[in-house]
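Report on one structure; see the data block that follows.
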Amino acid sequence: MDRWRRAAAQRRKLAARRLGAGGGRAGRPDALPAEDGDGPAGDRTVTDGAAPGPQPPHSAMEQPIVFFGPGPSKIPDQVLERVQAELLNYAGTGVSVMEISHRSAEFQQIISGTETRLRRLLHIPDNYRVLFVQGGATGQFAAVPLNLCVNGKADYFITGTWSKKAAAEAARYLDMQPVLPATEKFLGIAGRDQWRLRPDADYVYYCDNETVEGVEFQEVPDTGDVPLVADMSSNILTRPIDVSKFGVIFAGAQKNMGPAGLTIVIVREDLLGRGLPVCPSVLSYSTMAKAGSLYNTPPCFNVYVTGKVLDWVEEQGGVEEMSKRSDTKAKLIYTAADQSDGFYVAPVDGAARSRTTVQLRISAGAELEKKFLKEAEEVGFKSLKGHRSVGGLRVALFNALTVPQIEKLVKFLGQFATQNRG
Ligand SMILES: Cc1ncc(COP(=O)(O)O)c(C=O)c1O
Numbered sequence: 001m002d003r004w005r006r007a008a009a010q011r012r013k014l015a016a017r018r019l020g021a022g023g024g025r026a027g028r029p030d031a032l033p034a035e036d037g038d039g040p041a042g043d044r045t046v047t048d049g050a051a052p053g054p055q056p057p058h059s060a061m062e063q064p065i066v067f068f069g070p071g072p073s074k075i076p077d078q079v080l081e082r083v084q085a086e087l088l089n090y091a092g093t094g095v096s097v098m099e100i101s102h103r104s105a106e107f108q109q110i111i112s113g114t115e116t117r118l119r120r121l122l123h124i125p126d127n128y129r130v131l132f133v134q135g136g137a138t139g140q141f142a143a144v145p146l147n148l149c150v151n152g153k154a155d156y157f158i159t160g161t162w163s164k165k166a167a168a169e170a171a172r173y174l175d176m177q178p179v180l181p182a183t184e185k186f187l188g189i190a191g192r193d194q195w196r197l198r199p200d201a202d203y204v205y206y207c208d209n210e211t212v213e214g215v216e217f218q219e220v221p222d223t224g225d226v227p228l229v230a231d232m233s234s235n236i237l238t239r240p241i242d243v244s245k246f247g248v249i250f251a252g253a254q255k256n257m258g259p260a261g262l263t264i265v266i267v268r269e270d271l272l273g274r275g276l277p278v279c280p281s282v283l284s285y286s287t288m289a290k291a292g293s294l295y296n297t298p299p300c301f302n303v304y305v306t307g308k309v310l311d312w313v314e315e316q317g318g319v320e321e322m323s324k325r326s327d328t329k330a331k332l333i334y335t336a337a338d339q340s341d342g343f344y345v346a347p348v349d350g351a352a353r354s355r356t357t358v359q360l361r362i363s364a365g366a367e368l369e370k371k372f373l374k375e376a377e378e379v380g381f382k383s384l385k386g387h388r389s390v391g392g393l394r395v396a397l398f399n400a401l402t403v404p405q406i407e408k409l410v411k412f413l414g415q416f417a418t419q420n421r422g
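So the sequence shown is numbered by UniProt numbering: it starts at 1 and just counts up by one.
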């Protein structure tokens, strides 16, 4: 047996031993009921006080958890199970998918498969390129002006934390003009009659869903012939989109697509080849497009996991089904707040309420919010704390969260209100 085969056999043996011994981490998928769309809730189980590293097997202390992490976020358990099953030996290669070369035939298949699924799910037209890049969505705050600057001006909808940050970054490279009147609190989107758009801007930028404030555009803003750029980090794959309306769409993977570390850019081909000469090669859309996203080493493992998440989305019924579930989940939460006689408040204007990151307040104040978070955690609702800049509660309803899980949360909201009403 040559060295390669011997190593592969050893790895297989090791994998079998680990899996056979229940060696998956407690609270991880090998200990779980399968999550089946909107069927029985696929709550993950954890052992109380579980520390990272090898965990003891199931115990009576286990409780179901529902994880509302706003990014990184829950990845469907079925996906994690599949990743776990082939982690030590990818497709009979004897090496882990984390170890194979990004220039190998196997990885080529992974990256093109991931792209194909994304194209299918979002109906991406042929004249758009899909790029797999690093640097996070924050990297795109610089990449967008660096790639699209021609006349040196761009218009920005500033509707919350992330578009504000993107606008500040763009202002380093070009003349950035806000589209909307300035505001301190981001609780809605000013009407069209208040928009300032320049016909000779290089592009118009907006954030489709502001993750922190929970402000979401309900319609794609009409910018005429000026290319539209959208940050869809926190709502991509949660509703159908007409890609042909956009010049560039980008999204960090860590909310609805996979692990943090991968950013996906969808760019219209005619926008390639422009921009500022100082644009770093690693941020350049043309360079990345020419190299098939392999200009440098891509985040291979993340591309692989994202491919698996996209598989899962297809199996569940695609973006159309995700959209229905998102609407249902959001409606459950907003209705609970609106019908709580003012105990809970959803402060965002009804016309801009996010379907994926719901901002909630307890009107009696921060002390009660603290108590809520503590009690929620005790019964397994994890990570409901609002972003530190706005406080309160945030319910991140990304695709991996099921309707039954949200129904459970709504029940808890009701019980807490009953017990704590002044
Ligand atoms: C809408 C939006 N844009 C941009 C970012 C920044 O992403 P990253 O941390 O990947 O740079 C986030 C992060 O949560 C986000 O929610």
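Think of the CB as a built atom: it goes at the ideal place given N, C-alpha and C, for glycine as much as any other residue.
With residue i as the anchor, note down where its alpha helix (DSSP H) starts and where it stops.
| i | result |
| --- | --- |
| Cys300 | 300-316 |
| Tyr285 | 285-290 |
| Gln254 | Taken as a continuous stretch (DSSP letters only), Gln254 belongs to no alpha helix (DSSP H), as it is neither H nor E. |
| Phe186 | Premise fails: Phe186 is in no alpha helix (DSSP H) and is neither H nor E. |
| Arg119 | 105-122 |
| Arg274 | Unbroken run through Arg274: none, as it is neither H nor E. |
| Phe412 | 403-420 |
| Leu360 | Element bounds for Leu360: not the alpha helix (DSSP H) but the beta strand (DSSP E), 357-362. |
| Gln218 | Segment: none, Gln218 is in no alpha helix (DSSP H) and carries neither H nor E. |
| Gln177 | Gln177 -> not in any alpha helix (DSSP H); beta strand (DSSP E) instead, spanning 175-178. |
| Glu77 | Residue identity check: residue 77 is Asp in the sequence provided, not Glu. First-last of the alpha helix (DSSP H) with Asp77: 77-85. |
| Ala167 | 161-170 |
| Leu373 | 366-378 |
Rank the options by C-alpha distance to the C-alpha of residue i and give the top, closest one.
| i | options | result |
| --- | --- | --- |
| Ser233 | Val248, Val226, Gly224 | Val248 |
| Arg172 | Val278, Ala417, Ser286 | Val278 |
| Lys165 | Trp195, Pro199, Val212, Asn151 | Val212 |
| Ala366 | Leu131, Tyr344, Thr223, Lys331 | Tyr344 |
| Arg268 | Glu81, Val243, Val66 | Val243 |
| Val305 | Leu80, Val66, Pro64, Ile65 | Leu80 |
| Ala167 | Val204, Phe132, Phe372 | Val204 |
| Leu393 | Ile333, Gly94, Trp312 | Ile333 |
| Ala351 | Asn209, Lys371, Leu368 | Asn209 |
| Glu314 | Thr114, Val66, Asn89 | Thr114 |
| Asp188 | Ser163, Val215, Glu169 | Before going further, note that residue 188 is Gly rather than Asp in the sequence given. Ranking the options by Cα distance to Gly188, first place goes to Val215. |
| Phe250 | Thr223, Asn420, Tyr285, Gly273 | Tyr285 |
| Lys421 | Asp341, Val358, Arg361, Leu401 | A small fix is needed here, since residue 421 is Arg in this sequence, not Lys. The shortest C-alpha separation from Arg421 is found at Asp341. |
| Ile406 | Ser389, Ala376, Arg388, His387 | Ala376 |
| Met322 | Ala85, Thr356, Gly275, Thr223 | Thr356 |
| Arg353 | Ala396, Gly94, Ala400, Gln316 | Ala396 |
| Leu360 | Gly92, Ser112, Ile65, Val390 | Val390 |
| Arg274 | Pro227, Val83, Ala330 | Pro227 |
| Gly136 | Asp338, Pro259, Asp193, Leu413 | Pro259 |
| Pro125 | Glu169, Thr138, Ile241, Pro280 | Ile241 |
| Arg192 | Thr223, Arg388, Val83, Pro347 | Thr223 |
| Ala336 | His123, Ile362, Gln84 | Ile362 |
| Leu122 | Gly261, Thr238, Lys324, Lys411 | Thr238 |
| Thr328 | Phe412, Leu276, Asn399, Glu169 | Asn399 |
| Asn310 | Gln78, Gln339, Phe67, Val66 | Reading the sequence as shown, one finds Leu at residue 310 and not Asn. Selected option, being the one with the closest Cα: Gln78. |
| Val348 | Ser112, Thr159, Asp175 | Thr159 |
Just reading off the beta strand (DSSP E) that residue i is part of, what are its end residues?
| i | result |
| --- | --- |
| Ala137 | It is not in any beta strand (DSSP E) - Ala137 instead sits in the alpha helix (DSSP H) that spans 136-148. |
| Phe132 | 128-133 |
| Thr263 | 263-268 |
| Asp202 | From DSSP, Asp202 is part of no beta strand (DSSP E); its letter is neither H nor E. |
| Ala154 | 153-156 |
| Ala230 | 228-231 |
| Val395 | 393-396 |
Would residue i count as contacting chain B if we go by Cβ distances under 8 Å?
| i | result |
| --- | --- |
| Phe398 | Going by chain labels, chain B is absent from the structure shown, which holds only one protein chain. |
### Task
Specify which residues have a beta carbon nearer than 6 Å to any heavy atom of ligand 1, listing them in chain order.
Those residues that bring their Cβ nearer than 6 Å to a heavy atom of ligand 1 are Gly71, Gly136, Ala137, Thr138, Trp162, Cys207, Thr211, Asp231, Ser233, Ser234, Gly252.
### Message
For the structure I just gave you, are there three or more beta carbon pairs, one from the stretch 246-266 and one from the stretch 71-82, closer than 8 Å?
### Response
yes
### Query
For the stretch 218-238 against the stretch 377-394, are there 3 or more C-beta pairs whose distance is under 8 Å?
no
### Query
Using 8 Å as the Cβ pair cut-off and three pairs as the minimum, do the stretch 144-161 and the stretch 110-129 touch?
no
### Task
Inspect the CB distances between the stretch 133-144 and the stretch 175-190 and report whether three or more fall short of 8 Å.
no
### Query
Within the chosen definition, does the stretch 149-164 reach the stretch 186-198 through at least 3 CB pairs nearer than 8 Å?
yes
### Query
Quick check: the stretch 297-304 against the stretch 98-106, are there 3 or more CB pairs under 8 Å?
yes
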